[in-house]
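Data block below; observations after.
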Amino acid sequence: MAIPNFGINVNPSKNSAEAANSLNVLFMLTILSLAPSILIMMTAFTRIIIVLSFVRTAIGIQQMPPNQILIGLALFLTFFVMAPVFDEINTTAYQPFIQNTITQEQAFTNAMTPLRTFMLKQIYPKDLNLFISLSKKSAPAKVEDIDNMVIIPAFITSELKRAFQIGFFIFIPFIIIDMIVSSTLMTMGMMMLPPMMISLPFKILLFIMVDGWLQIIKMLVSGFK
Numbered sequence: 004m005a006i007p008n009f010g011i012n013v014n015p016s017k018n019s020a021e022a023a024n025s026l027n028v029l030f031m032l033t034i035l036s037l038a039p040s041i042l043i044m045m046t047a048f049t050r051i052i053i054v055l056s057f058v059r060t061a062i063g064i065q066q067m068p069p070n071q072i073l074i075g076l077a078l079f080l081t082f083f084v085m086a087p088v089f090d091e092i093n094t095t096a097y098q099p100f101i102q103n104t105i106t107q108e109q110a111f112t113n114a115m116t117p118l119r120t121f122m123l124k125q126i127y128p129k130d131l132n133l134f135i136s137l138s139k140k141s142a143p144a145k146v147e148d149i150d151n152m153v154i155i156p157a158f159i160t161s162e163l164k165r166a167f168q169i170g171f172f173i174f175i176p177f178i179i180i181d182m183i184v185s186s187t188l189m190t191m192g193m194m195m196l197p198p199m200m201i202s203l204p205f206k207i208l209l210f211i212m213v214d215g216w217l218q219i220i221k222m223l224v225s226g227f228k
């Protein structure tokens, strides 16, 4: 049985349509290669994965749930939160582009519009003003005139700030349990017994009793504007 031979050739384009198709393929490959960075920098993923990591650390079990589970949950929650944005991108940018009704530049602009709207809703004004001043450019008269290179780092900074604020409040009840257990062990003279070993079951019990995962997911999803 003959084995087919595959190869990639770089030849001059015969016409403008063939050149356009080659550029379209190159454009799509570029978008696919940047997809992980776009997912992390311009969506709800950053806040969600950090908060979920804080939950695991606060409980005190470093390997449960595994990283794969946390990342998978964060991805699906991200797609759930970003569904309206992705639908708008598909309607206004992707579908018209593959139907050759708009150019690549128009598709990029149309795709960035809902993403910019989403990011601007989450950004603290203080963070946005900081990056506008760091860019050493005059403040734009309209929000639509703000450069993407200003919006994206301001959005990431605001998301980090919110995630750490949420993480602080997540830690409080578990720290209280640790303090109570440590004080009890010292009172009983059992100082050689690791407090973490005793407090861990109570932390898990508390998390189950308040339906922790449901509350965390509800808080994360409803927290996006």
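If you count the sequence shown from 1, position 163 lands on 166 in the working numbering, and the numbers rise without skipping.
Glycine included, C-beta positions come from ideal geometry on N, C-alpha and C.
Remember, predicted model here, so these are calculated numbers, not experimental data.
Cβ-Cβ distance between residue i and residue j below 8 angstroms
i, j, result
"R50", "A157", "no"
"E91", "Q125", "no"
"F134", "V153", "yes"
"G63", "L188", "no"
"M115", "N70", "no"
Rounded straight-line distance, which links the Cα of residue j to that of residue i
i, j, result
"F227", "P87", "12 angstroms"
"I183", "F177", "10 angstroms"
"I155", "Q168", "20 angstroms"
"L55", "L208", "18 angstroms"
"Q218", "P68", "17 angstroms"
"F83", "I211", "24 angstroms"
"F121", "I179", "37 angstroms"
"S185", "K221", "32 angstroms"
"N113", "F172", "38 angstroms"
"A142", "L123", "15 angstroms"
"T131", "I101", "According to the sequence provided, residue 131 is Leu. The question's Thr does not apply to it. The alpha-carbon atoms of L131 and I101 are separated by roughly 34 angstroms."
"F205", "M199", "10 angstroms"
"N103", "A144", "34 angstroms"
"T106", "T94", "15 angstroms"
"K139", "P197", "54 angstroms"
"M191", "Q66", "31 angstroms"
"S40", "L137", "23 angstroms"
"I149", "I201", "53 angstroms"
"P117", "T46", "11 angstroms"
"F48", "D181", "30 angstroms"
Cβ distance (whole Å) where residue i is taken to contact residue j below 8 angstroms
i, j, result
"A96", "F174", "41 angstroms between Cβ atoms; not a contact."
"V224", "L80", "7 angstroms"
"P128", "A110", "Rounded, the Cβ-Cβ distance is 30 angstroms, inconsistent with contact."
"R59", "L73", "7 angstroms"
"I159", "M44", "6 angstroms"
"I53", "G170", "7 angstroms"
Whole alpha helix (DSSP H) elements within the segment 108-153, 4-residue minimum:
128-137
Ordered list of alpha helix (DSSP H) runs contained in the segment 151-228, each at least 4 residues:
151-190, 198-212 and 215-225
Which ranges would you report for the alpha helix (DSSP H) in the segment 48-100 if only whole runs of at least 4 residues count?
48-62 and 70-92
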